[in-house]
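Peer 1: I have a structure here, written as structure tokens, and I will follow up with some questions on it.
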Amino acid sequence: MSGEQKKTPLRSAAWFGTQDKNGFMYRSWMKNQGIPDHEFQGKPIIGICNTWSELTPCNAHFRKLAEHVKRGILEAGGFPVEFPVFSNGESNLRPTAMLTRNLASMDVEESIRGNPMDAVVLLVGCDKTTPALLMGAASVDLPTIVVTGGPMLNGKLNGKDIGSGTAVWQLHEQAKAGAITMHEFLSAEAGHSRSAGTCNTMGTASTMACMAEALGTSLPHNAAIPAVDARRYVLAHMSGIRIVEMVHEDLRISRILKRENFENAIRVNAAIGGSTNAVIHLKAIAGRVGVPLELEDWTRIGKGTPTVVDLLPSGRYLMEEFYYAGGLPAVIRRLGEGGLIPNRDALTVNGKSLWENCFDAPIYNDEVVRQLDNPLIADGGICILRGNLAPRGAVLKPSAASPHLMRHRGRAVVFEDFDHYKARILDPDLDVDENCVLLMKNCGPKGYPGMAEVGNMGLPPKLLAKGITDMVRISDARMSGTAYGTVVLHVAPEAMAGGPLGIVQDGDMIQLDCHAGLLNVELSDEQIRARLADRAGKAAPVQHGGYQRLYLDHVMQADEGCDFDFLVGCRGSAVPKHSH
Ligand code: FES
Numbered sequence: 001m002s003g004e005q006k007k008t009p010l011r012s013a014a015w016f017g018t019q020d021k022n023g024f025m026y027r028s029w030m031k032n033q034g035i036p037d038h039e040f041q042g043k044p045i046i047g048i049c050n051t052w053s054e055l056t057p058c059n060a061h062f063r064k065l066a067e068h069v070k071r072g073i074l075e076a077g078g079f080p081v082e083f084p085v086f087s088n089g090e091s092n093l094r095p096t097a098m099l100t101r102n103l104a105s106m107d108v109e110e111s112i113r114g115n116p117m118d119a120v121v122l123l124v125g126c127d128k129t130t131p132a133l134l135m136g137a138a139s140v141d142l143p144t145i146v147v148t149g150g151p152m153l154n155g156k157l158n159g160k161d162i163g164s165g166t167a168v169w170q171l172h173e174q175a176k177a178g179a180i181t182m183h184e185f186l187s188a189e190a191g192h193s194r195s196a197g198t199c200n201t202m203g204t205a206s207t208m209a210c211m212a213e214a215l216g217t218s219l220p221h222n223a224a225i226p227a228v229d230a231r232r233y234v235l236a237h238m239s240g241i242r243i244v245e246m247v248h249e250d251l252r253i254s255r256i257l258k259r260e261n262f263e264n265a266i267r268v269n270a271a272i273g274g275s276t277n278a279v280i281h282l283k284a285i286a287g288r289v290g291v292p293l294e295l296e297d298w299t300r301i302g303k304g305t306p307t308v309v310d311l312l313p314s315g316r317y318l319m320e321e322f323y324y325a326g327g328l329p330a331v332i333r334r335l336g337e338g339g340l341i342p343n344r345d346a347l348t349v350n351g352k353s354l355w356e357n358c359f360d361a362p363i364y365n366d367e368v369v370r371q372l373d374n375p376l377i378a379d380g381g382i383c384i385l386r387g388n389l390a391p392r393g394a395v396l397k398p399s400a401a402s403p404h405l406m407r408h409r410g411r412a413v414v415f416e417d418f419d420h421y422k423a424r425i426l427d428p429d430l431d432v433d434e435n436c437v438l439l440m441k442n443c444g445p446k447g448y449p450g451m452a453e454v455g456n457m458g459l460p461p462k463l464l465a466k467g468i469t470d471m472v473r474i475s476d477a478r479m480s481g482t483a484y485g486t487v488v489l490h491v492a493p494e495a496m497a498g499g500p501l502g503i504v505q506d507g508d509m510i511q512l513d514c515h516a517g518l519l520n521v522e523l524s525d526e527q528i529r530a531r532l533a534d535r536a537g538k539a540a541p542v543q544h545g546g547y548q549r550l551y552l553d554h555v556m557q558a559d560e561g562c563d564f565d566f567l568v569g570c571r572g573s574a575v576p577k578h579s580h
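For the sequence shown, the working numbering puts the final residue at 580, and the numbers step up evenly by one.
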């Protein structure tokens, strides 16, 4: 680093750098932790934003991770200060961790801005923790680096590998079809989650870890190193060193989160067979830094991109093999060699471009990171749908869908909400066959509320027993990144917000054409208007107090990233006023 770079004024000096009453108070209270004087003198103070929680099992090893980040910070001449923020654990938190993603982002933003720090390390893992922390940090705009907790080791069942989440859906379907007993189903629990870490499939956590790396907000290889691999802790240490350098270089997150970086991330999402949840989260992160990102960008940039990563739920392998095969740098090299990285010069946190980091990355296994001319899916990416059923868009993940259903016309079997679905789907007299379209309402951002991951509705048991494994399903819900099927999600506007999804009735004919990007109900404009008028005022979200009131009043629709309207944008890192 140059002498000129070292002159970057330290934000933390506004707390610790004055020889007066205020400086006394800020330093004195910190000294009750045994911090000596010299730690306050001219050293970058680095926040470590920790989502550790024993109720977020995927992040439960983060205290150890933080210790390694601290070692790196100290080695580089900084001073680490670790602080907790709201931890959105996907597996335990009800009604859905998505309900509190924005709450966590507010916690992160205000914790960073209001405290003495010159930069921040974000410790993320479970699905919503990555976008929540990036959103909050982006709204402050300090030098920021992401350290992910890493995926779990491969699951094991009867001597075979099984994938997080994906195995649950598969085994549950088998149990419902009578192919395995409930005892056999429950016996899979222990081998399913064998170590610390996040879901080991290319679910939302792995996808968002890859997005953080593709955006340039983490060091190379951050996404895939297993949680229990010693190299995960080396990466944490190196990230601690790097964040101190970033302070001296004044390398703020707004210099990383450029439109070009988002375009790269969209392309990478197609190549990895990433989760549909990335569409919502990237939009929300982009909104915090004023980068325009539209649903059509996913078509424009992602369409035609081969999915080369052969991981469950779309393919065969798990994150452990992905790391051993070369991880995300191997994917970026593959894409780049095929001319498929839109912006090779996009800057990353280590001060190099994405391409500089990856152009010579080793690729150890062509089965896991496949060749461009031998992809898992020739045209991966996220399919964006529009039509009279989704005027503001809907999404479908082709790599997880059945090719024969990608163009389909079928009779709607309608569920008014998730409870109605759960009750009705088990009815042996339900008038449904494999050509029908299962359509569920009121599971969107306001309808659930929180837009739960219930869009991959399980099939009627009587069809499962017939050997049917997929049907077209449509809703305003989300879907776990570990799930699969021909599932149309994120229909906007949602039913609860007056979208046409809310007026579909049993027997209406639905047209899905993924190739043309169309989703329609066979009703005239006049019929739709009449039904919408008839429905107006009849569906209103249940009013809650507390945070849920704030959420319902301000959450935006899926095409807008489900952020709160008042959180969009960057409010900066100006030091707030003294309170004493
Ligand atoms: Fe936490 Fe899947 S439940 S990563």
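Glycine included, each C-beta is placed from N, C-alpha and C at the ideal position.
What separation, rounded to the nearest whole angstrom, lies between the Cα atoms of residue 5 and residue 247?
Peer 2: Locating residue 5 in the sequence shown gives position 5, counting from the first residue. Locating residue 247 in the sequence shown gives position 247, counting from the first residue. Note that residue 5 has pLDDT 46, beneath the 50 cutoff, so the model's placement of it is unreliable and no number is given.
Peer 1: Give the range of the alpha helix (DSSP H) segment to which residue 161 is assigned.
Peer 2: On the sequence shown, position 161 is the one that residue 161 refers to. From DSSP, residue 161 is part of no alpha helix (DSSP H) but of the beta strand (DSSP E) over 160-162.
Peer 1: Confirm the yes/no value for this check: CB of residue 205, any heavy atom of the ligand FES, distance under 8 angstroms.
Peer 2: Here residue 205 refers to the residue found at position 205 of the sequence shown. Correct: residue 205 has its Cβ closer than 8 angstroms to the ligand FES.
Peer 1: Check each candidate in 519, 573, 71, 132 and name the one with the smallest Cα separation from residue 389.
Peer 2: Position 389 of the sequence shown, counted from the start, is the residue given in the question as residue 389. Across the set 519, 573, 71, 132, the C-alpha of 519 shows the shortest separation from the C-alpha of residue 389.
Peer 1: Please state the DSSP three-state secondary structure of residue 418.
Peer 2: The residue you call residue 418 lines up with position 418 of the sequence shown. Residue state, collapsed to three classes: helix.
Peer 1: In whole angstroms, what separates the C-alpha of residue 98 from that of residue 442?
Peer 2: On the sequence shown, position 98 is the one that residue 98 refers to. On the sequence shown, position 442 is the one that residue 442 refers to. So the two alpha carbons sit approximately 15 angstroms from each other.
Peer 1: Please classify residue 515: does DSSP put it in a helix, a strand, or coil?
Peer 2: Against the sequence shown, residue 515 aligns to sequence position 515. DSSP, reduced to helix, strand and coil, places residue 515 outside both helices and strands of the structure shown, so it counts as coil.
Peer 1: Taking all protein chains shown into account, decide if residue 364 is buried (16 or more other Cβ within 10 angstroms of its Cβ) or exposed.
Peer 2: Here the question's residue 364 lines up with position 364 in the sequence shown. That one is exposed.
Peer 1: Is any beta-carbon of chain C found at less than 9 angstroms from that of residue 62?
Peer 2: Among the chains of the structure shown, chain C does not appear; only one protein chain is present.
Peer 1: By Cβ distance below 7 angstroms, which residues in the same chain neighbour residue 3 in space, the five residues on each side in sequence not counted?
Peer 2: On the sequence shown, residue 3 is found 3 positions in, with the first residue counted as 1. Residue placement at residue 3 is poorly supported in this model, since its pLDDT is 41, which falls under 50; the coordinates still yield a value, given next. No residues qualify anywhere along the chain.
Peer 1: Under the three-state reduction of DSSP, which class applies to residue 529: helix, strand or coil?
Peer 2: Here residue 529 refers to the residue found at position 529 when the sequence shown is read from its first residue. Residue 529: helix per DSSP, three-state reduction.
Peer 1: Assign residue 252 to one of two classes, buried (16 or more other C-beta atoms within 10 Å of its C-beta) or exposed (fewer than that).
Peer 2: By one-based count along the sequence shown, residue 252 stands at place 252. Buried is the call here.
Peer 1: Near residue 317, what residues of its chain come up, given a Cβ to Cβ distance below 6 angstroms and the 5 sequence neighbours on each side ignored?
Peer 2: As a working note, residue 317 is residue 317 in the sequence shown. If we look at residue 317 and ignore the five residues flanking it on each side, its Cβ neighbours are 310, 311, 368.
Peer 1: If you draw a straight line from the alpha carbon of residue 276 to that of residue 543, how long is it in whole angstroms?
Peer 2: Locating residue 276 in the sequence shown gives position 276, counting from the first residue. Locating residue 543 in the sequence shown gives position 543, counting from the first residue. Here the C-alpha atom of residue 276 lies approximately 29 angstroms from the C-alpha atom of residue 543.
Peer 1: Using only the heavy atoms of the ligand FES, determine whether one of them is closer than 8 angstroms to the beta carbon of residue 460.
Peer 2: Your numbering for residue 460 matches position 460 in the sequence shown. No.
Peer 1: Report the rounded CA-to-CA distance for residue 512 versus residue 111, giving the unit in angstroms.
Peer 2: In the sequence shown, counting from the first residue as 1, residue 512 sits at position 512. In the sequence shown, counting from the first residue as 1, residue 111 sits at position 111. Rounded to the nearest angstrom, the two C-alpha atoms are 45 angstroms apart.
Peer 1: Taking 9 angstroms as the threshold (C-beta atoms), are residue 481 and residue 274 in contact?
Peer 2: Counting from 1 along the sequence shown, the entry for residue 274 is found at position 274. Counting from 1 along the sequence shown, the entry for residue 481 is found at position 481. For residue 274 and residue 481, yes; Cβs fall inside 9 angstroms.
Peer 1: Identify, in the order they occur along the chain, each residue of the same chain with its Cβ nearer than 7 angstroms to the Cβ of residue 161, setting aside the five sequence neighbours on each side.
Peer 2: Locating residue 161 in the sequence shown gives position 161, counting from the first residue. Excluding sequence neighbours, residue 161 sits near 154, 155, 318.
Peer 1: Taking only runs of the alpha helix (DSSP H) that begin and end inside the stretch 115-140, which ones reach a length of at least 4 residues, in chain order?
Peer 2: Under the rule that a run must span 4 or more residues, the alpha helix (DSSP H) segments found entirely inside the stretch 115-140 read 129-138.
Peer 1: In chain order, what are the residue ranges of uninterrupted beta strand (DSSP E) at least 3 long that sit wholly in the stretch 471-515?
Peer 2: 472-475, 509-513
Peer 1: With hydrogens ignored, establish whether the beta-carbon of residue 469 is closer than 8 angstroms to any heavy atom of the ligand FES.
Peer 2: Within the sequence shown, the letter at position 469 stands for residue 469. False, no ligand heavy atom lies under 8 angstroms from that Cβ.
Peer 1: Would you mind sorting residue 268 into buried or exposed? The rule is 16 or more other CB atoms within 10 Å of its CB.
Peer 2: Here residue 268 refers to the residue found at position 268 of the sequence shown. So residue 268 counts as buried.
Peer 1: Flag this pair as touching only if the stretch 219-234 and the stretch 170-183 have three or more C-beta atom pairs under 8 angstroms; answer yes or no.
Peer 2: No contact exists between the stretch 219-234 and the stretch 170-183.
Peer 1: Using 8 angstroms as the cut-off, classify the Cβ of residue 217 as near or not near the heavy atoms of the ligand FES, replying yes or no.
Peer 2: As a position in the sequence shown, residue 217 is number 217, starting the count at 1. Residue 217 Cβ: outside cutoff for every heavy atom of the ligand FES.
Peer 1: Three or more beta-carbon pairs under 8 angstroms between the stretch 525-538 and the stretch 494-514, yes or no?
Peer 2: With a cut-off of 8 angstroms, the stretch 494-514 and the stretch 525-538 count as touching, because enough Cβ pairs lie within range.
Peer 1: Say the cut is 8 angstroms; is the CB of residue 126 nearer than that to a heavy atom of the ligand FES?
Peer 2: The residue you call residue 126 lines up with position 126 of the sequence shown. Result yes, Cβ under 8 angstroms from the ligand FES.
Peer 1: Assess contact between the stretch 334-349 and the stretch 199-208, defined as three or more Cβ pairs (one per stretch) separated by less than 8 angstroms. Is contact present?
Peer 2: no
Peer 1: Under DSSP, the alpha helix (DSSP H) around residue 234 begins and ends at which residues?
Peer 2: Here the question's residue 234 lines up with position 234 in the sequence shown. Its alpha helix (DSSP H) spans residues 230-249.
Peer 1: According to DSSP, is residue 94 part of a helix, a strand, or is it coil?
Peer 2: Within the sequence shown, the letter at position 94 stands for residue 94. If DSSP states are grouped into helix, strand and coil, residue 94 belongs with coil.
Peer 1: Judging by CA-CA distance, which residue of 81, 243, 326 is the nearest neighbour of residue 358?
Peer 2: To locate residue 358, count along the sequence shown from 1; it is residue 358. Nearest option by C-alpha distance: 326.
Peer 1: Is the beta carbon of residue 90 within less than 8 angstroms of some heavy atom of the ligand FES?
Peer 2: For the purposes of this step, residue 90 is taken as the residue at position 90 of the sequence shown. Under cutoff, so the answer is yes.
Peer 1: For residue 547, count neighbouring C-beta atoms within 10 Å of its own C-beta (all shown protein chains included) and say buried if the count is 16 or more, exposed if not.
Peer 2: Position 547 of the sequence shown, counted from the first residue, corresponds to residue 547. It counts as exposed.
Peer 1: Considering Cα atoms alone, identify which of 52, 100, 53 is closest to residue 616.
Peer 2: The requested residue 616 does not occur in the structure, where the chain is confined to residues 1 to 580.
Peer 1: Just grab the DSSP bridge partners of residue 410 for me.
Peer 2: Taking the sequence shown and counting its residues from 1, one reaches residue 410 at position 410. Paired residues: 510.
Peer 1: Using CA coordinates, which residue listed in 257, 398, 66 is at the minimum distance from residue 343?
Peer 2: Here the question's residue 343 lines up with position 343 in the sequence shown. Residue 257 is the option with its Cα nearest to residue 343.
Peer 1: Hey, which unbroken runs of the alpha helix (DSSP H) at 4 residues or more fall wholly within the stretch 291-377?
Peer 2: 295-302, 319-325, 327-337, 354-358
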